[in-house]
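Going down the list, the protein sequences come from chains A and B.
Residues 1 to 115, numbered by the working numbering, are exactly what the first sequence covers, in order.
Residues 1 to 115, numbered by the working numbering, are exactly what the second sequence covers, in order.
A short write-up of the structure that comes next.
2 protein chains.
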Amino acid sequence: MAEHKRHLFDKDEIDIAEVAKALSHPARLKILRILSQMNVCMCGEIVDLLPLAQATVSQHLKELKRVNLVQGEIEGPKTCYCINTDSIQKIFEKFQNYFNEINKECNRSCKTKKK
Amino acid sequence: MAEHKRHLFDKDEIDIAEVAKALSHPARLKILRILSQMNVCMCGEIVDLLPLAQATVSQHLKELKRVNLVQGEIEGPKTCYCINTDSIQKIFEKFQNYFNEINKECNRSCKTKKK
DNA sequence: ATCGTTCATCGCAAATATACGATGAATAAG
DNA sequence: CTTATTCATCGTATATTTGCGATGAACGAT
């Protein structure tokens, strides 16, 4: 009786919501920043830069991979992570479109009666 | 032992994460769309357009107000909701900056070794 | 004053998310 | 083969989110 109704919405909204969810934790935002600065990097390096345990960071990375913001490739015992540039570009465009849409026709907001 | 570590991150990341969280549910994305199309509108109208109970919609509206995406004004027994245009503009700029930042220096991603 | 409408909030149940220690898989090095 | 390193995953505890019925507050209309 909770978190069951997501399916009842438009695919568009569900998709954007998924990405927003992935971006809804400071640790994940920071991981993306780290990855964008460090080029390719390994999980351990990220762990060293965050106040979180290795298991937790691994979970956050998994979530970022799930929505395609990040890609990881196993290299022997290590795993090499990096930003998924193409995907991020597309994702950002979706956000941009959404924001444009909800910001378009709003000259007539209730601020007119605000005072 | 959970959801306690948010405070340990940069204010910047915490702020963006807060907004992303508000945008992380399809119902809330749809509510914003509805508000942007209907000009000002009352909670009841939104409830009619969503597959959710009134109490639930009210909660979602509260969350959207919390991060300033929406403003609401009580008018007698009704409450008039509308998009907070100015605030949305600022919020979008933050997102934009963040995306630009993580997308900047990534010519050197691991796709080079992808194949 | 009473009634109906509109909505916020409370209290609860269930689902998810967050965090971590422990374990195990995979490989490199010895 | 043994060991050390790196990481994913499992299991678990706790916190948060989602959803709703029930209730009550605020007002307009009668």
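No residue lacks a Cβ here, since even glycine has one placed at the ideal position from N, Cα and C.
At a cut-off of 3 residues, the continuous stretches assigned as beta strand (DSSP E) that sit fully inside the region 50 to 104 of chain A are 70 to 75, 78 to 83.
Nearest Cα to Gly76 of chain B within the set B:Ile34, B:Phe99, B:Met42: B:Met42. Taking each of B:Asn103, B:His7, B:Asp15, B:Leu8 in turn and checking the Cα distance to Lys94 of chain B, the smallest one comes out for B:Asp15. By the Cβ-count criterion, His60 of chain B is buried, with 16 or more other Cβ atoms from all chains shown falling within 10 Å of its own Cβ. Neighbours of Ile46 of chain A across chain B, judged by C-beta separation under 7 Å, do not exist; the nearest C-beta is about 13 Å away.
Judged by DSSP secondary structure, Asp12 of chain A falls within the alpha helix (DSSP H) whose first and last residues are 11 to 22. In this structure, the straight-line span from the alpha carbon of Gly44 of chain B to that of Ala20 of chain A is close to 27 Å. In the DSSP assignment, Arg28 of chain A falls within the alpha helix (DSSP H) that extends over 26 to 37. Cys41 of chain A has A:Tyr81 as its beta-bridge partners, per DSSP. Rounded to the nearest whole angstrom, the CA to CA distance from Arg28 of chain B to Val47 of chain A is 33 Å. With the rule of 3 Cβ pairs closer than 8 Å, the region 23 to 37 of chain B counts as touching the region 49 to 60 of chain B.
Interface annotation for the region 47 to 62 of chain B against chain A: Leu50, Pro51, Leu52, Thr56, criterion Cβ-Cβ distance under 9 Å.
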